[in-house]
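> Before I ask anything, here is the structure I am working with.
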Amino acid sequence: MAAIQVPIPQEIQLLALSNGLGQPVMGLRHEKTPYFLFGFITMLLLSLIMTAFVVIIVIYGFIVKISEGDASQAIAALWLALIAAGVEAGCLYVMFGHWRKLREIATERYYVFHDGFIIGQPGRCEVIAWRQVEAVYQLITRIHVNVIPIGTWARSRIHCTDGRKVMIYNRTQAARLLTEIIGRRVAETKLPQALSALNSGQTLDFGPFSLSIDGLRKRKGRANTLLPWRELGGVSVVSVNWPEVWIYRADKRQRLWARARPLAIPNYTLFMTLVERMARVN
């Protein structure tokens, strides 16, 4: 299912104009997904069952046994009731999490502009320009059951230069599309400065890796291992349980040199773009 596009309201366009976000590109809303509704109903039923279970244990286990003078059985019943209450609390926590996601899907909107984006929610808007993004940590996971795709989880943790931290985390095509747009546009914005820094001899940090004109470094404990660009055998994204970036060394036979999850690499799209360019020109 494709992401659902919506018109951008006039007040949002004025807000974008006042923040220098440029021309409007698209508005997005979440499509309805049965995942959170099913989870909410399931947790609600489990909570009701556990509530009934706790009441029955307390009344017929604890009170009756106390009245009969059987203290050991009463204490055992009380412990069982406490365990059941803990399970019920966990069900309620998950249930309210699904309820929040249902409300978010119903009310949240994404508005993309040439120079940034706005997350619109009832009573508040989060305005972010591409130039304000210091680092973005992203992961898109496609979920399969018996090789059949059933959905996508998209996650973006955005660190802004003004100290704000904004999270996008949802199981909708709108969240997936916005995550891809953020990664691409942040990379395009930062690329000229990053290339200039590399050409001037600076080293750029990308979490578990760093880049320089000499090559790619990985950090393992206190050790820094350099892979010169001429020895880079390739980079691929491999999905086993979770997506991972696999980096290969060109040897007599290609062998794995390092791997890391995309979520651990700040500005992952920029990192992949720089690795590709530096390997090509060197």
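Each residue of the sequence shown is one higher than the one before, counting from -7 in the numbering used here. The beta carbon of each residue, even a glycine, is placed where N, CA and C say it ideally should be.
Just how far apart, CA to CA, sit D197 and I150?
Mapped onto the sequence shown, residue 197 falls at position 205. Mapped onto the sequence shown, residue 150 falls at position 158. Taking the straight line joining both Cα atoms gives about 17 Å.
> I need the straight-line Cα distance from L7 to G89, nearest angstrom please.
Counting from 1 along the sequence shown, the entry for residue 7 is found at position 15. Counting from 1 along the sequence shown, the entry for residue 89 is found at position 97. Cα to Cα, the separation comes out at about 30 Å.
> Taking L203 as part of the beta strand (DSSP E), name the residues at either end of that continuous run.
By 1-based counting over the sequence shown, the position of residue 203 is 211. First-last of the beta strand (DSSP E) with L203: 201 to 203.
> For D154 and Q165, I'd like the C-alpha separation in whole angstroms.
Position 162 of the sequence shown, counted from the start, is the residue given in the question as residue 154. Position 173 of the sequence shown, counted from the start, is the residue given in the question as residue 165. Those two C-alpha atoms are separated by around 29 Å.
> With a cut-off of 8 Å on the beta carbons, I'd call V86 and M35 a contact; round off their distance for me.
Position 94 of the sequence shown, counting from 1, holds the residue named residue 86. Position 43 of the sequence shown, counting from 1, holds the residue named residue 35. The pair is a contact, with the Cβ atoms about 5 Å apart (cut-off 8 Å).
> Is the stretch 171 to 180 touching the stretch 258 to 270, taking contact as three or more C-beta pairs under 8 Å?
In short, these stretches touch, since the Cβ pair count reaches three.
> Between which two residues does the alpha helix (DSSP H) containing K157 stretch?
The residue labelled residue 157 in the question sits at position 165 within the sequence shown. Where K157 is concerned, there is no enclosing alpha helix (DSSP H), although the beta strand (DSSP E) it sits in stretches over 157 to 162.
> On the three-state DSSP scale, how would you describe I0?
Along the sequence shown, read from residue 1 onward, the residue named residue 0 stands at position 8. Coil at I0, not helix or strand.
> Between the beta-carbon of Q130 and the beta-carbon of T171, is there less than 8 Å?
For this step, residue 130 is matched to residue 138 along the sequence shown. For this step, residue 171 is matched to residue 179 along the sequence shown. Contact: yes.
> Expressed to the nearest angstrom, what Euclidean distance is found between the alpha-carbon atoms of P(-1) and I111?
Start at 1 with the first residue of the sequence shown, and residue -1 comes out as number 7. Start at 1 with the first residue of the sequence shown, and residue 111 comes out as number 119. Their Cα atoms are separated by approximately 14 Å.
> Among the residues of its own chain, which have a CB less than 8 Å from the CB of Q2, if the five just before and after it don't count?
The residue you call residue 2 lines up with position 10 of the sequence shown. Once the five neighbours on either side are set aside, Q2 has no close Cβ partner at all.
> Which residues in the same chain as G278 place their Cβ atom closer than 6 Å to its Cβ, once the five residues preceding and following it in sequence are excluded?
The structure shown has nothing for residue 278, since the chain only spans -7 to 274.
> Using only the alpha-carbon positions, how far apart do T144 and A167 sit?
To locate residue 144, count along the sequence shown from 1; it is residue 152. To locate residue 167, count along the sequence shown from 1; it is residue 175. For T144 and A167, the distance between alpha carbons rounds to 9 Å.
> Three-state secondary structure (DSSP) at Y219?
Residue numbering aside, residue 219 sits at position 227 when the sequence shown is read from its first letter. Note on identity: in this sequence residue 219 is Leu, with Tyr being the wrong assignment. Correct three-state label for L219: strand.
> Hey, W276 and T133 are a contact pair by Cβ (cut 8 Å); roughly how many whole angstroms apart?
Residue 276 is absent from the model: the chain starts at -7 and stops at 274.
> If you check the beta carbons only, do V104 and I173 fall under 8 Å apart?
Position 112 of the sequence shown, counted from the start, is the residue given in the question as residue 104. Position 181 of the sequence shown, counted from the start, is the residue given in the question as residue 173. Yes, the Cβ-Cβ distance between V104 and I173 is below 8 Å.
> Can you tell me which of K24, V47, R92 puts its alpha carbon nearest to the alpha carbon of A293?
Any answer about residue 293 is impossible in this case: the structure gives the chain only from -7 up to 274.
> For the stretch 42 to 82, list the alpha helix (DSSP H) runs that are entirely contained and at least 4 residues long, ordered along the chain.
56 to 59, all fully within the stretch 42 to 82.
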